[in-house]
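Asker: Got a structure here, written out as structure tokens. Questions coming.
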């Protein structure tokens, strides 16, 4: 079965600084990877997805992720965060396996 | 186009009772998945339905069950509620069943917050 590990449970960051959220996946099956964001009291919203093709995936709100097969990683990055990026972020292998989540807190 | 609708948004139940949660997927979506979200366990997959058939099931006790209707609406039921069942229950819908076309995305509802007292 697929499994996903998010390496950071909490990431504090200052506004306009870059952020990277780390995600590793098990390589046992075909890889379809997703990043979702959850704002307080909301459901999950898709940020981006990797199905095949280019290993650099661009998503909404300025986020991007790089699929690295040799390191079995799918890290999420944003070059400059805003206060509104404060949320919980989930890495997922298709729909069945989610990471534990990374809480990003952006401070002024 | 309306999104995924979950009802009710909030629910308080007593231990031992049962509860039914409802999910209306996006129009045209035939796959519905359910998740339990708790602070300690994160997001855990409960089950997935496609065309009224359960396709996948997570590692939850038999007290958790679900079904899907011909219009793709889905319900999940939890019987004999325990305090540990307090959680946010999320439903997600997608256009196709995994494997039939992987270029698909799961759209989530806002969830039902269940509190068991």
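Protein chains in written order, with the working numbering: chain E, 1 to 108; chain G, 1 to 117. Note that CB positions come from ideal geometry on N, CA and C, so glycine has one too.
Measuring straight from C-alpha to C-alpha, what distance separates residue 43/G and residue 46/E?
Answerer: So the two alpha carbons sit approximately 15 angstroms from each other.
Asker: Determine which residues share a DSSP beta bridge with residue 42/G and list them.
Answerer: For residue 42/G, which the question treats as bridged, DSSP gives the partners 38/G.
Asker: At a CB distance below 7 angstroms, what residues from the region 52 to 63 of chain E approach chain G? Give them in sequence order.
Answerer: Those would be none; no residue qualifies.
Asker: Can you tell me whether residue 83/E is helix, strand or coil according to DSSP?
Answerer: Three-state DSSP puts residue 83/E in a helix.
Asker: Terminal residues of the continuous beta strand (DSSP E) containing residue 74/E?
Answerer: Run containing residue 74/E: 73 to 78, per the beta strand (DSSP E) assignment.
Asker: How close, in whole Å, do the beta carbons of residue 4/G and residue 107/G come, if the pair is a contact with beta carbons under 8 angstroms?
Answerer: Correct: roughly 5 angstroms between the Cβ atoms.
Asker: Following the continuous beta strand (DSSP E) through residue 108/E, name the residue where it begins and the one where it ends.
Answerer: Neither: residue 108/E is in no beta strand (DSSP E) and is coded neither H nor E.
Asker: Near residue 58/E, which residues of its chain fall below 6 angstroms by C-beta distance, leaving aside the five closest residues on each side in sequence?
Answerer: So the list reads 64, once near-sequence residues are dropped.
Asker: Using a beta-carbon distance cut-off of less than 9 angstroms, what residues from the region 28 to 59 of chain G approach chain E?
Answerer: Answer in chain order: 31, 33, 35, 37, 41, 42, 43, 44, 45, 48, 56 and 58.
Asker: Does the beta-carbon distance from residue 81/G to residue 15/G come in below 8 angstroms?
Answerer: Yes, they are a contact pair.
Asker: Alpha carbon to alpha carbon, how far is residue 105/E from residue 73/G?
Answerer: Roughly 36 angstroms separates the two Cα atoms.
Asker: Let me check one thing: in DSSP terms, what residues is residue 44/E bridge-paired to?
Answerer: For residue 44/E, which the question treats as bridged, DSSP gives the partners 38/E.
Asker: Among residues of its own chain, excluding the 5 on either side of residue 62/E, which ones have a beta-carbon nearer than 6 angstroms to its beta-carbon?
Answerer: Taken in chain order, the residues that qualify are 78.
Asker: Quick one: give me the first and last residue of the beta strand (DSSP E) that residue 31/E is part of.
Answerer: Neither: residue 31/E is in no beta strand (DSSP E) and is coded neither H nor E.
Asker: Starting from residue 19/G, trace the beta strand (DSSP E) both ways and give me its first and last residue.
Answerer: First-last of the beta strand (DSSP E) with residue 19/G: 19 to 24.
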